[in-house]
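Chains as they are written, first to last, in our numbering: chain R, 19 to 217; chain E, 19 to 217. Some notes on the structure that comes next.
Number of protein chains: 2
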Amino acid sequence: MDTLKAKYNFREHLQPFVVFTNDEWELFCSYLEFISLKKKTYFIEAGKVCNHFGFVNKGSVRYFHLTNDGTDITGYFSFENEFMSSYTSFLKREPANNYIQALEDTELILISHKSLQEMLASEKLGHKMERFGRLVAEYYLCCYDDRVTAFITQSPEERYIKLLESGRDILRRMPQHYIANFLGITPVSLSRIRRRILV
Amino acid sequence: MDTLKAKYNFREHLQPFVVFTNDEWELFCSYLEFISLKKKTYFIEAGKVCNHFGFVNKGSVRYFHLTNDGTDITGYFSFENEFMSSYTSFLKREPANNYIQALEDTELILISHKSLQEMLASEKLGHKMERFGRLVAEYYLCCYDDRVTAFITQSPEERYIKLLESGRDILRRMPQHYIANFLGITPVSLSRIRRRILV
DNA sequence: AGAAAACGTTATCTTAAGATAATAAAAACA
DNA sequence: TGTTTTTATTATCTTAAGATAACGTTTTCT
């Protein structure tokens, strides 16, 4: 991985959340880790504590759950230039209840929990990192809020149509059965919905 | 409302998120507003921007959506000693898509968006308020994450049983048709589920 | 206390989702 | 290139959820 380019790209995509001075940026970068994940390998597995918060520099990942009867249910995706973590596990220091798997060869920029704590506690970066953390959490909170609202106010068909209208990457890049899981239905059911709304 | 007692209680319940020195606390308090909400009145209505983040000192509130065909769908509740806001609207400064209504005579401690911005920008409170905001957002993020996971991995019946096992306040204090909405199903359907699991 | 509203259950009917299996097409791979 | 594997659709059957209405009970209101 070209870490120089990766850093540059990361800084770019951090702008909506935090803008660093050059000095701060150098310090911040000293905490970063860069890893590559081969297709189909795991970033985190259920039962293990997620120790990193990440940024997808290249590639994409899939979040999924394994239910008691062994069914694989996809809950979310992160594409390049998006954050990625088993966030609840990372924050609570509890075992994750989901897996995160690379869907293609993927480059990640990681911040370990320990590094984050150090930055939060540091004189130079602390304040800015608190803000960064707040804005990231708020951003995802709003996303989750939308999603919960969709589950309680809309039918599966309505949720799918909304997703279509949103034009999100998911539609172009993910197989349909993952999308079905994401919408809270079975792949067979989504296939039927698609036929229904075509007529 | 006894604002002295309310402040004391608020400080107590803020502890998991932020611990203020006495000086900081005085300053913080100078930004607070105290209001009482009569039963059935609204804290926020859909279409209006939510300008306050609140804490329920006494009473309880219900969050609900009105769908296009006029159906009222309850999405959430806040009881005493919990936070309360149309958070997405508050954060994004966009019109809310939901209502928040007092279920009984309710006492609220409020922070206006303007006050919060001032605190965040202030020398004395800024850093601590960033952290406070971060921890609150993270807390709710985890709650939402659980809820979304329940929607995609569990059946309505399983969700209800989990709720039963959780022993949450909702069960004791909310009418069943609100609980049904909260679980993403109709009241009639919840009634059937209850009968099913009794046998 | 009496009237009105809200609530929970039940019944009926309709609709759609889950489970499962078969099939065909597309993609991955080796 | 030829072979798996993955994917999407379709069919059948079963199950449960939505819509609606009726009913009795409880709660709220005045």
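Cβ coordinates follow ideal geometry from the N, Cα and C atoms, glycine included.
Taking the alpha-carbon positions, what's the R:E51 to E:Y162 distance?
29 Å
Take E:I211 and list the residues in its own chain whose beta-carbon comes closer than 6 Å to its own, dropping the five residues that flank it on each side.
E175, Y178
Cβ neighbour criterion (16 or more within 10 Å) applied to E:R190
exposed
Cα-Cα separation between E:L109 and E:N86, rounded to whole angstroms
25 Å
Which stretch, first to last residue, makes up the beta strand (DSSP E) that contains R:D90?
90-97
Give the interface partners of R:D163 over in chain E, defined as CB-CB distance under 8 Å, in chain order.
Y105, T106, Y162
Among E:M19, E:F95, E:T89, which has the Cα closest to the Cα of E:K56?
E:M19
C-beta neighbour in chain E for R:L45, strict 8 Å:
no
Closest by CA to R:H131, which one among R:Y196, R:P34, R:H70, R:F38?
R:H70
Distance CB(R:N75)-CB(R:F150) smaller than 8 Å
no
Output the distance between the C-alpha atoms of R:L128 and E:Y60, rounded to the nearest integer angstrom.
44 Å
Just the Cα atoms here: how many angstroms apart are E:Y49 and R:E148?
21 Å
Pop quiz: E:T167 and R:H83 are said to be a contact at Cβ under 8 Å. What is the actual Cβ separation, rounded to whole angstroms?
7 Å
Under 7 Å (Cβ pairs) to chain R, residues found in the segment 146-178 of chain E
E148, R149, G151, R152, A155, E156, Y158, L159, C160, Y162, D163, R165, V166, T167, F169, I170, T171
Tell me the DSSP secondary structure of E:P174 in three-state form.
helix
What does R:I91 reach in chain E if we use C-beta pairs closer than 7 Å?
I170, T171
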